[in-house]
Structure formats: C-alpha cells, structure tokens
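A.B. asks: What follows is a single structure, and I will ask about it in a moment.
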Amino acid sequence: MKTKKRDLIYLFSILIIIIGLPIGIRAYDRYLEPEALTPGAKVFTLTGHAHKGWVLGEVQANDIFSLWRDEGPAVKPVIEVSKGDQVVLKLRSADVTHGFNLKAYGIYIARGIQPGKTIFVSFKADKAGAFIFMCNVFCGDIHTHMEGKLIVKDSSSVPDA
Amino acid sequence: MSPKRALILILFSLELAVLVPLGIALLPETAQTRHIDINARRFGYTPARIVVSKGDPVSLRFYSTDVTHGFQLDGYPVDLIARKGVTFQRKVRHDAKGHLKIDWQRISSVRFVANRTGKFIFRCTETCGNLHPFMTGELIVRPNMAYHFFISLSIWVVFATFVWVRFKSPAGSGRIKRINLLEKFPWLKRLVMRRSFQFWFLLLNFIVFYLFILSSLWGSPVGNRNIAIVFVWILWWFILKAILVPLGGRLWCLMCPLPAPAEWMSRKSLTAVRYLKTPIRRLHHRFVGLQKDWPKKLRNIWLQNILFLALISFGMILITRPLATAIMFIIILTGTLILSLIFRHRVFCLYLCPVGGFLGTYSMASMTEVRSIDPEVCIKHKDKSCLSGGPGGWACPWNQYVGNMSRNNYCGLCTECIKSCPKDNVGIFIRPFGSDKKLKGYDEMFNVMIMLVVAVAFSIVMLGPWGFIKDAANVTESGQVIPFLIYLAVIWSTALLIVPGFFILVARAAGRLAGAEINNRLLTLRLAYIFIPVGICAWIAFSLPTIMINYGYIIAVFSDPLGLGWDLLGTADAHFKALIPDWIPVIQGLVLLAGLYLGVSRGFMALKDVLPDTKSQTRAMILPALFALLAVNLLLKLYMG
Chain A
1 MKTKKRDLIY LFSILIIIIG LPIGIRAYDR YLEPEALTPG AKVFTLTGHA HKGWVLGEVQ
61 ANDIFSLWRD EGPAVKPVIE VSKGDQVVLK LRSADVTHGF NLKAYGIYIA RGIQPGKTIF
121 VSFKADKAGA FIFMCNVFCG DIHTHMEGKL IVKDSSSVPD A
Chain B
1 MSPKRALILI LFSLELAVLV PLGIALLPET AQTRHIDINA RRFGYTPARI VVSKGDPVSL
61 RFYSTDVTHG FQLDGYPVDL IARKGVTFQR KVRHDAKGHL KIDWQRISSV RFVANRTGKF
121 IFRCTETCGN LHPFMTGELI VRPNMAYHFF ISLSIWVVFA TFVWVRFKSP AGSGRIKRIN
181 LLEKFPWLKR LVMRRSFQFW FLLLNFIVFY LFILSSLWGS PVGNRNIAIV FVWILWWFIL
241 KAILVPLGGR LWCLMCPLPA PAEWMSRKSL TAVRYLKTPI RRLHHRFVGL QKDWPKKLRN
301 IWLQNILFLA LISFGMILIT RPLATAIMFI IILTGTLILS LIFRHRVFCL YLCPVGGFLG
361 TYSMASMTEV RSIDPEVCIK HKDKSCLSGG PGGWACPWNQ YVGNMSRNNY CGLCTECIKS
421 CPKDNVGIFI RPFGSDKKLK GYDEMFNVMI MLVVAVAFSI VMLGPWGFIK DAANVTESGQ
481 VIPFLIYLAV IWSTALLIVP GFFILVARAA GRLAGAEINN RLLTLRLAYI FIPVGICAWI
541 AFSLPTIMIN YGYIIAVFSD PLGLGWDLLG TADAHFKALI PDWIPVIQGL VLLAGLYLGV
601 SRGFMALKDV LPDTKSQTRA MILPALFALL AVNLLLKLYM G
C-alpha cells in the first residue's frame, strides 16, 4: 500500500533525526573550537562555578545538577604548560557572572564572564614559574577561594626525555 | 427593564466608575526628596516595594550583597549594575558608525523625578543564579490612578453585565452560531483528510522536544541561556495559555510529541491505518499490548488534579533547571510507553497528564470544536466508526463518541474521526468563546478552582517582589525545608480546601437566594463555569510579563540554543530589553476585566436551563459574581497596586 511505503520513509527520517541531531550539535560545537582559530595552541577550558570554583573542562547542565544545595570545597585546578607555548583559555560560567585575572601576564577581564557566553584569552607563556589566577567579580561565599594555578615549565632546564 | 433604561444605567455607572478615581487623584500632595538605599541579594531587593508620591525627586543608591545584580526600572531611564563594592550605570548609545555601544559608568547614586504615576517594576538584568528571571521589586508612584481606575471599572463590569443580561435575556435565547470550517475551506478539508496531517505536527514537535532534551543534558546549566527552559517555560507556556487554549482548546494534544512514540508503537504504524473487518472488543484494529480498560473508579480528572499540584509544588525548580525539565519529559515519555502496553486508548492523556486536566476544563471555553454535522446521521449509523475505527481512520484514541459529544473536555482534536467517518458527518466548527457550559463532576470543579489558586499563587511567587517566598519555593538551592513545607501547605490547602470550600458555600447561598427548587450539586457545577473564562484570562495576564520581559532570551536562544557561545543567526548578543514594560500592568488589567465580563456573562448562560426566570438567575448570580470580582481584584492588586 502507498501509505505503508510512505511510513517507512517517515520512520527512516525519524531515525535520522534521532541519530543526526546529537551528532550535528557535537560537530558544530567542535567546529567552533579554538584549535581551529589558533593552530598549535594549548587549549584549556575553565568554567566558573559559584560553589565549586574553577572547574577544568566543559560543565554541562547534567554535570552540575544537584538534588540538594552543594557547597565547596573549592577545587583549585592546576594548568601546566611549557615555556614558549601559545596558551588559549576558554572561559565560561556555569551560573553567575564571574571574572578572571592572571596578573603575571596582565590579563584582566573587565566586563566579567557572562553565563552562556565564552571568552577566549590567548597569550604566549614566555615567563616561567607558578602563577595564580582568580575570579575578580564577587560571586558568592567561596569567591575568595576561587583560584587556580598556572605552571609554566622552563623546557631548557627540564629537557624532554 | 426597557433597553433605554438599561443603557442609561450602564452609562451613568461608567461615568461614576471613571469619576471616583479621578477625584482621588486630584487630592493635593507635596513633593519631597526621597533618599532610597536598595540592597540586592539573590533573589530579591530590600526594600522590595518603594512608595513615593508624584513629583518627588528620588535619589537612589544601589548595592549588591552577593553576586553581580542589575536594576532596570520600567518607565524610567534607570539601568544600574552592582557588584559588591561598586555600582555602575549602563548607558546604551549608538557610536559614529551606528553600532550599538554599551558603556558602564561608575556612579554613587542616581537621581530622577517621579513624574509618572502607577506601578513600575524593577528587575535584575545580570544572570545571578537559577531564579534570576524572577528577581523583581516594585516602585509605586502615588496616586496610583490606573489601579484605582481598574478597581472601579471591575465593579462597573459586574454591575453593567447584570443590567445588560436582565434587559437582554428574554429576547436572546437563540442557538449559538457555529461555522463548519471544513465546509467553508475545502483546502483545509483536503489537508485534514490526509493520513499524514497529524504526523507532520508531531514530527516537528518531536524534533524540537528532542532538541530540548539534548540541550538540557549538554547545554548551559543556566536556565535563561538554554533553549529547554526559554522555549518551554517562556514561549510554549505563553502560546499554550494565550493562543492555543482560548482558540483551539486541546489543540496542543493534537501536536504533543510526548505520547506520540507510544501511540506509534501500539499502532505499529506512523500514519497508515491497519483495519480489521471483524472488530476485537469493539475496535476494528489490533493494537500491541494487553489492551486493558482503565479502572472505572479512576475515570475522572482527580489524578490529574493531584499530579498538577504535585508538579507545581516544585514549579520554581522545574522551570529554572534545564535538566529538571528534561527529566519531566522523559518521565512522561516512558510513562506513556509503559501505559500504552497495558491499557488501550490514551489513558495517560485522559487521566494522568498534569497539563491535560486543565486543558480539558479550559477547552470548554475555546472557540473550536469537533462535532457531528447532523446528529441524526450518527444515531442511524450502526457501526459508529469514530468510536470503533474505519478503513480511513483509527478508532478515537480518546474513547469519545462524536455522535453525542457535547463538550470539548476529552477530545484531543486528532482528526481521526473526520477520516474514519464513512458518512462524512464530522466537522471542525468555530463558535463563540465559552460555549460548553456544563461541568460534569466535582473533579472538574476542583480543577477550575485549583487553576485559579495556582494562577494567583504563581503571580505571588514568580511575579511578586517577595524574596523570602522565592527562597522557600527554591528549596533545593536555598535549603530552607521548613519554609518550603509551609509554602506547600498553603498552596495545597488553599487549592483543595479553602477556595473550593468557600465556593461551595457561596453556591449554596446562591441557591437559597435564587429561591427556586434546584439541586445543589447541579447549581454548584454550573456556577463553577464562571471561573473558566476568569481563570483563562488570569493565566494570560500571568504569562504576559514573562514573554514581554523575556522575549530577548528567545531571540538570543535562536542563535545559541544550547548556551554554548554559538551565534547561528547573529542574534546571540541581543541586548536585554523588555517590550513596553511600563504598560504591562494596564494590559494585564484589561485582560482581567475581559475575563471578569466573560465569566459573569457566560455564568448567566450556564444557568439558563436550570433556573426558571431572569429574576432567580440574577439572584443566584450575585454572590458568585462577587466571588469572581474578589478574585480579579486580588490579581489587580498584585499586578497594579
């Protein structure tokens, strides 16, 4: 029958949507990744979270869903790069407006990191040492503990194996 | 009453209704400078309500005690942002090239003269957490003339409707006019007759809802940046309440994608009909599953009433957390799949869907109906294809027999009966608003009362300026268990005991006043009909600010559905700006007055065949109309006062 044949086409298109939509979303999101913008750079995603501090990596809605209020202890991520690396930080917020500063490299986000937006910070790691980065917009009880460490290793003194 | 006298009475009372508030406005007041310090914390302002007089110079300082907050005042050019320790004024300007530029200027205080009277909401503009969209406060500039106007107009509406009905009713007893859309528009008929008619709606919404679920898993956890929250609770809710329900009744049920997979599975088909010549238990199809009948005791909307209250108990959490919304969809989806394996017909939609309950009662007032064209044809037709199915269409999934269907409540407008009827005797009619007037049971009456209570409750919790109520409702984040339990107790007892109980007493007293012999239950159910138009308009008034304030999020989400920093259409950075926010209270007031008029006038019609004469009808209507007036004035106070 004609309608039965058509039903197969419909069923096929539903299956395509079920499989295709997630793949499409993932692919488009990857297409926007900064690797494409600055080739060879080391990319780190830092997501600000008012109860957890800086979370290294993407924070999706299902990662931070809590059935009950969750507070601290703040995570303090450590990012390691080698001297001379081009570093790209992908800054995001999982809840409220956060801020970011990395004094050693003169990086200071004045307008804050709005939720749902991504701010890219790109710099060349030309100074070796350990540097603290922190949130500079008051974001809640753990704000003062919201920090992380950037370690820039001098590859000339520590040669690769 | 002669028409001339009635008209004079209506016009004279209108004049009075206008002049009284005008007189109040003319009382003299002296201007004085007001210094106001406003403190913002998640999710409220202190003070939440500021009252000044017209002409007062206002000097306003704004602080934040926790995260970044905004302060945007409707009707006045005040747009501030506060971080702990600093306050900025935001100025939007166009630069030399015509691009939109937003400057932040550090300030200590902002001054303005309160020269517009009325109620003006100030709201947060910086995403400050889950309940950010509901963080508001209010500035009242006295004399609040618009509010006084609407109070006196609401009294006038009731009075004038009584006068109008008394003089009109002996003549106006004709049948309601209906137009068969399928007859009028042959192209519509061709469209509806297609087997794939419903499927296309379902497929479209299936994609959209699938995107919602994906987005709530992978997208931004911030509600107003995630399509799952913005589209469902801002756009869909408004369209459902303000367009689909008043115009199409259960039109949403035609296109609801959640029970669609279950139905496809039980039919083993997407669009095609699998017809059997000899019926199995009255139906001409073989479905997958046990095909049991739903228990008789549960064939009412009590479960829907309870589930709706259970759902809205967590409403504040549900509509702000993307994942909570997705979990709800997934529960409904699996629920329908499991139920379709056990029972026949759409038992989930009929008896369990929390939305379905009020869609049913409110669809009684809607302007569309599916009915038989000539009931005589149905009586003579032996097979009743609409109920048992035919070669052209499936048996009614809602278990309705079109031949004697006189109400919209349980018709999902799926159009199968139009296709299955061999006599071509089913039409889609448009009709006046508020045409079905017979509530059948107390379950439906309670549904109407619950919806009214929840409209008021949501107006207080979501649109009101009271931060402590928001904290109580937002229990999973605030951790305030005792306030949350009190909040639940207040809502459940008001919705299930106080308001319905009070209404039943009102209906009893109305029966006494009417002075005629009438069954109490019948009168109570008929009078409850008043609160269907009132309730629909209350919900429209409630949903209006949500869309007029937050439409910017809808535009932004089109470009960045998951809140991942995309910009598909170039609108991701749409500036947060409300649509004529200073007029919202007046529009809400007008909608409420329309609801009051429709409620009272349709209430009279609902009494027509149960009370003998105009006099007893008028007397029976007095107390219920006052009850409706009270409900409308409560909402007017919340929105305008």
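Those sequence lines, one after another, are chains A and B.
Just so you know, we're using my numbering here: the first sequence kicks off at 1 and counts up by one.
Just so you know, we're using my numbering here: the second sequence kicks off at 1 and counts up by one.
All C-beta atoms in this analysis are idealised placements derived from N, C-alpha and C, irrespective of residue type, glycine included.
Quick one: what does DSSP say B:Asp79 is sitting in, helix, strand or coil?
C.D. replies: Translated into positions along the second sequence, residue 79 of chain B becomes position 79. Here B:Asp79 sits in strand by DSSP.
A.B. asks: With 16 other CB atoms within 10 Å as the buried threshold, where does B:Glu376 fall?
C.D. replies: Position 376 of the second sequence holds residue 376 of chain B. Exposed, by the Cβ-count rule.
A.B. asks: Excluding five sequence neighbours on each side, which residues of the same chain lie with their C-beta closer than 7 Å to the C-beta of B:Val586?
C.D. replies: Translated into the one-based positions of the second sequence, residue 586 of chain B becomes position 586. The answer, listed in chain order, is Ala146.
A.B. asks: So, under 8 Å CB-CB, B:Val222 and A:Cys139 are touching, yes? Tell me the CB distance rounded to an integer number of Å.
C.D. replies: For the purposes of this step, residue 222 of chain B is identified with residue 222 of the second sequence, where counting begins at 1. For the purposes of this step, residue 139 of chain A is identified with residue 139 of the first sequence, where counting begins at 1. 13 Å between Cβ atoms; not a contact.
A.B. asks: Return the Cβ separation of B:Ala628 and B:Tyr529 in integer angstroms, given the expectation that the two are a contact with Cβ distance under 8 Å.
C.D. replies: In the second sequence, residue 628 of chain B corresponds to position 628, counting from 1. In the second sequence, residue 529 of chain B corresponds to position 529, counting from 1. Incorrect: roughly 11 Å between the Cβ atoms, too far for contact.
A.B. asks: B:Val288 by DSSP, collapsed to three states: which one?
C.D. replies: For the purposes of this step, residue 288 of chain B is identified with residue 288 of the second sequence, where counting begins at 1. DSSP places B:Val288 in coil when its eight states are reduced to three.
A.B. asks: Could you check the C-alpha separation between B:Ile24 and B:Ile460 for me, to the nearest Å?
C.D. replies: What you label residue 24 of chain B is simply residue 24 of the second sequence in a count that begins at 1. What you label residue 460 of chain B is simply residue 460 of the second sequence in a count that begins at 1. The straight-line gap from Cα to Cα measures roughly 27 Å.
A.B. asks: Is it right to say B:Trp233 is buried, meaning 16 or more other beta carbons lie within 10 angstroms of its own, or is it exposed?
C.D. replies: By one-based count along the second sequence, residue 233 of chain B stands at place 233. It is buried - the Cβ of B:Trp233 has at least 16 other Cβ atoms within 10 Å.
A.B. asks: Just the chain B side, please: which residues come within less than 8 Å of A:Asn101 by C-beta, in chain order?
C.D. replies: Looking up residue 101 of chain A in the first sequence gives position 101. None at all; the shortest Cβ gap to chain B is about 14 Å.
A.B. asks: Any beta carbon from chain B within less than 8 Å of A:Gly112's own beta carbon?
C.D. replies: Here residue 112 of chain A refers to the residue found at position 112 when the first sequence is read from its first residue. Between A:Gly112 and chain B, the shortest Cβ-Cβ separation is below 8 Å.
A.B. asks: What residues from chain A crowd round B:Gly565, counting only those whose CB sits closer than 8 Å?
C.D. replies: What you label residue 565 of chain B is simply residue 565 of the second sequence in a count that begins at 1. Going along chain A in sequence order, the residues near B:Gly565 (Cβ under 8 Å) are Leu32, Arg92, Gly116, Lys117 and Thr118.
A.B. asks: Please name the residue, chosen from B:Val499, B:Val557 and B:Gly129, that lies closest to B:Leu630 on a Cα-to-Cα basis.
C.D. replies: Within the second sequence, the letter at position 630 stands for residue 630 of chain B. For B:Leu630, the nearest C-alpha among the options comes from B:Val499.
A.B. asks: For A:Asp160, count the other beta carbons within 10 Å of its own beta carbon; 16 or more makes it buried, fewer makes it exposed. Which is it?
C.D. replies: Here residue 160 of chain A corresponds to residue number 160 of the first sequence, with the count starting at 1. At A:Asp160 the pLDDT is 48, less than 50, meaning the model places this residue with poor confidence and gives no usable figure here.
A.B. asks: For B:Ser59, which residues from the same chain have a beta carbon less than 8 Å from its beta carbon, with the 5 sequence-adjacent residues on both sides left out?
C.D. replies: Start at 1 with the first residue of the second sequence, and residue 59 of chain B comes out as number 59. Excluding sequence neighbours, B:Ser59 sits near Thr33, Arg34, His35, Ile36, Ser109, Val110 and Arg111.
A.B. asks: How should B:Gly441 be labelled, buried or exposed, when 16 other C-beta atoms within 10 angstroms of its C-beta is the threshold for buried?
C.D. replies: Within the second sequence, residue 441 of chain B is the residue found at index 441, counting from 1. When all chains shown are included, B:Gly441 counts as exposed.
A.B. asks: Looking only at its own chain, which residues have a Cβ that is under 7 Å from the Cβ of B:Leu522, when we skip the five neighbours before and after it?
C.D. replies: Taking the second sequence and counting its residues from 1, the one referred to as residue 522 of chain B is at position 522. Cβ neighbours of B:Leu522 beyond the five flanking positions: Val610.
A.B. asks: What's the C-alpha gap between B:Trp187 and A:Lys2?
C.D. replies: Position 187 of the second sequence, counting from 1, holds the residue named residue 187 of chain B. Position 2 of the first sequence, counting from 1, holds the residue named residue 2 of chain A. About 22 Å.
A.B. asks: May I have the straight-line CA-CA distance separating B:Ser154 from B:Arg123, to the nearest angstrom?
C.D. replies: Stepping through the second sequence from its first residue, residue 154 of chain B is reached at position 154. Stepping through the second sequence from its first residue, residue 123 of chain B is reached at position 123. Distance between the alpha carbons of B:Ser154 and B:Arg123 is about 28 Å.
A.B. asks: Can you tell me whether B:Leu276 is buried or exposed? The criterion is at least 16 other CB atoms within 10 Å of its CB, across all chains shown.
C.D. replies: Against the second sequence, residue 276 of chain B aligns to sequence position 276. Label assigned to B:Leu276: exposed.
A.B. asks: So, is the C-beta of B:Trp218 closer than 8 Å to a C-beta in chain A?
C.D. replies: Within the second sequence, numbered from 1, the residue matching residue 218 of chain B stands at position 218. So, interface residue.
A.B. asks: Look at the alpha carbon of B:Gly219 and the alpha carbon of B:Leu513, and state the distance between them as a whole number of angstroms.
C.D. replies: Along the second sequence, read from residue 1 onward, the residue named residue 219 of chain B stands at position 219. Along the second sequence, read from residue 1 onward, the residue named residue 513 of chain B stands at position 513. Roughly 59 Å separates the two Cα atoms.
A.B. asks: Taking Cβ-Cβ distances below 9 Å as the criterion, which residues of the segment 428 to 440 of chain B are in contact with chain A?
C.D. replies: Residues: none.
A.B. asks: With DSSP collapsed to three states, give me the class of B:Asp103.
C.D. replies: Locating residue 103 of chain B in the second sequence gives position 103, where the first residue counts as 1. The answer is strand: DSSP assigns B:Asp103 an E or B state.
A.B. asks: Give the single residue among B:Ile418, B:Ala516, B:Leu439 and B:Gly595 whose Cα lies nearest to the Cα of B:Arg194.
C.D. replies: On the second sequence, residue 194 of chain B is found 194 positions in, with the first residue counted as 1. Out of B:Ile418, B:Ala516, B:Leu439 and B:Gly595, B:Ile418 has the C-alpha closest to the C-alpha of B:Arg194.
A.B. asks: Could you tell me the boundaries of the beta strand (DSSP E) in which A:Gln86 lies?
C.D. replies: Stepping through the first sequence from its first residue, residue 86 of chain A is reached at position 86. Where A:Gln86 is concerned, the enclosing beta strand (DSSP E) stretches over Gln86 to Ser93.
A.B. asks: B:Ile587 bridges to which residues according to DSSP?
C.D. replies: To locate residue 587 of chain B, count along the second sequence from 1; it is residue 587. Note: B:Ile587 sits in no beta bridge, so no partner.
A.B. asks: Quick check on DSSP: helix, strand or coil for A:Met146?
C.D. replies: In the first sequence, counting from the first residue as 1, residue 146 of chain A sits at position 146. It is coil, neither helix nor strand.
A.B. asks: When DSSP labels each residue in this structure, what does B:Ile207 get in the three-state scheme?
C.D. replies: By one-based count along the second sequence, residue 207 of chain B stands at place 207. Of the three classes helix, strand and coil, the one that applies to B:Ile207 here is helix, per DSSP.
A.B. asks: What whole-angstrom Cβ distance do B:Gly427 and B:Leu131 have, given they're in contact under 8 Å?
C.D. replies: Position 427 of the second sequence, counting from 1, holds the residue named residue 427 of chain B. Position 131 of the second sequence, counting from 1, holds the residue named residue 131 of chain B. Not confirmed; about 47 Å, so no contact.
A.B. asks: Quick one: what does DSSP say A:Met134 is sitting in, helix, strand or coil?
C.D. replies: Sequence index remark: in the first sequence, residue 134 of chain A carries index 134 (1-based). Correct three-state label for A:Met134: strand.
A.B. asks: As a quick exercise: from B:Gly360, B:Gly248 and B:Arg508, pick the residue whose alpha carbon is nearest that of B:Ile301.
C.D. replies: By one-based count along the second sequence, residue 301 of chain B stands at place 301. Closest by alpha carbon: B:Gly360.
A.B. asks: Please list the segments of the alpha helix (DSSP H) lying wholly inside the segment 444 to 520 of chain B, counting only runs of 4 or more residues, in order along the chain.
C.D. replies: 467 to 473, 475 to 478, 481 to 493 and 499 to 514
A.B. asks: List the endpoints of the continuous alpha helix (DSSP H) containing A:Trp54.
C.D. replies: Along the first sequence, one-based indexing puts residue 54 of chain A at 54. Note, A:Trp54: premise wrong, no alpha helix (DSSP H); beta strand (DSSP E) at Gly53 to Leu56.
A.B. asks: Near B:Gly70, which residues of its chain fall below 6 Å by C-beta distance, leaving aside the five closest residues on each side in sequence?
C.D. replies: As a position in the second sequence, residue 70 of chain B is number 70, starting the count at 1. For B:Gly70, where only same-chain residues beyond five positions count, the Cβ hits under 6 Å are Ile81, Cys124, Thr125 and Glu126.
A.B. asks: Taking the alpha carbon of B:Arg225 as the reference point, which residue from B:Ile319, B:Phe43 and B:Ser2 has its own alpha carbon closest?
C.D. replies: Taking the second sequence and counting its residues from 1, the one referred to as residue 225 of chain B is at position 225. Answer by Cα proximity: B:Ile319.
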